[in-house]
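> Each residue of the sequence shown is one higher than the one before, counting from 46 in this note's numbering. C-beta atoms are modelled at their ideal positions from N, C-alpha and C, and glycine is treated no differently.
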Amino acid sequence: MRSVWDEPRPSPSPPPRAWWDWALVGVFAAAVVLEGVVRPDLPALSVAVTVGLVPTLLWRRSRPLPVLVVAFGVSGVVPLVTGGGAAEMYTTGYLLLLPYALFRWGSGREVVAGSAVVLAKFGLSLAFDGPGLADAVGGFAVLFSVGALGTALRYRAGARARELDRVRLLERERLARDLHDTVAHHVSAMAVRAQAGLATASRPGAAVDALRVIETEASRTLTEMRAMVRALRRGGPADLAPSPRVGDLERLAGRCGSGPAVEVHLDGPLDELPPPVGTAVYRLAQEAVTNARRHARNATRVEVRVTADDRSVRLRVSDDGETGSLRPGAAPGYGIVGMVERAHLLGGTCEAAPDPGRGWTVTAVLPRSGAA
């Protein structure tokens, strides 16, 4: 119970109100008025109150507990005012959206308090109207099902959010390793030069002292950087293979089994591309090609095109598969999330969308400097 009580809201900022929320309110309000017209046995106060409570649906995600208390509290008092005995309105079923929203968007404290209000309203109805046992069990089953549905969707969304965070962290770890390989190369060269300067120095002096400082700082930087990367890997197996570059994109060309053929085109000044950017271009192209081979249905060709100028590098990966369809048995993954995260970390952008005619296209633009 303590864990339930301390459960925070699934999101500090729930989805904003959309046009269909207003449409939902309009539809339910019209339905309530229509039921009041076709059923003359309904008290006018009941119809008016039911219509007046419909707008509470607009705040069901941002204020789930207050709107539930208002709606169920007012609807529980109305039978007392009207004297009871009146037939129930079928359109009051829209109130079930409020306990669903409470379990879907409310905190643990709000869920507990709201559940108490709902059960009190349910108990009041049993005592006042005196329905049969079957009706009581059925009503409780409906309320329980609504709460269970809200809880299931709440934790399903939470699981997806955690998986997205895991993918982003994994992409940051890969980028950290690539940056480590790049920086370690330059720092190692600095350390070697410092050692050579110490070995060939003909006289002591400020230059020798400076070389000692360079050697010390370079060695310390390498040690700390390796420790950082080991921590990022969280104990996983070390990947000692050198980081790929743009020139390695040629390895993606050709045909893999019965999959589509891959064509690679490189254009522009790519030789002097900074290693982090070159590695990112390769990783993005590799993931895009893998997605096309796995998910593009009836694709026969995948084109990888990299163009560069003095300021940026542009990657475009497109296939000729059927737009909007997946190969049977292919489950979509989180590769695009990782691609967007890597491009964002380097100050660039990455987009994936279906083409108007046929196939999918992944487009990424990275600044040549590789800095955000």
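#1: Kindly indicate which residue of Gly366, Arg219, Pro314 has the alpha-carbon position closest to the one of Asn336.
#2: Where does Thr95 land, buried or exposed, given buried means 16+ other C-beta within 10 angstroms?
#3: Give me the residue from Pro61, Gly121, Val162 with the minimum Cα distance to Ser170.
#4: Which ranges does the alpha helix (DSSP H) cover as unbroken runs of at least 4 residues, wholly within the segment 319-353, from first to last along the chain?
#5: With a 10 Å radius around its C-beta and 16 neighbouring C-beta atoms as the bar for buried, classify Pro100 as buried or exposed.
#6: Hey, could you find the ends of the beta strand (DSSP E) Leu311 is sitting in?
#7: Our contact map puts Glu295 next to Val309 with C-beta atoms below 8 angstroms; I'd like the distance itself, whole angstroms only.
#8: Would you say Arg106 and Ala63 are within 8 angstroms of each other, going by their C-beta atoms?
#9: Going by alpha carbons, who is nearest to Thr345 out of Pro321, Arg403, Arg199?
#10: Kindly examine the ligand NAP and report whether one of its heavy atoms sits closer than 7 angstroms to the Cβ of Val349.
#11: How far does the beta strand (DSSP E) with Glu396 in it reach, from first residue to last?
#12: Grab me the residues of Thr352's own chain with a C-beta within less than 6 angstroms of its C-beta, minus the 5 sequence neighbours each way, in chain order.
#13: Figure out for me which residue from Arg84, Val362, Arg108 has the closest Cα to the Cα of Ser61.
#14: Is the distance from the Cβ of Ile110 to the Cβ of Leu142 below 8 angstroms?
#15: Going by C-alpha distance, which of Gly192, Arg413, Glu52, Val83 is nearest Asp355?
#16: Quick one: grab the DSSP three-state call for Ser357.
By the coordinates alone:
#1: Gly366
#2: buried
#3: Gly121
#4: 320-340
#5: exposed
#6: 306-312
#7: 6 angstroms
#8: no
#9: Arg403
#10: Absence of the ligand NAP is noted for the structure shown, with no ligands found whatsoever.
#11: 394-399
#12: Asp312, Gly313, Arg359
#13: Looking at the sequence itself, residue 61 is Pro, so the reference to Ser does not match. Out of Arg84, Val362, Arg108, Arg108 has the C-alpha closest to the C-alpha of Pro61.
#14: Reading off the sequence, residue 110 comes out as Leu, not Ile. No, they are not a contact pair.
#15: Arg413
#16: strand
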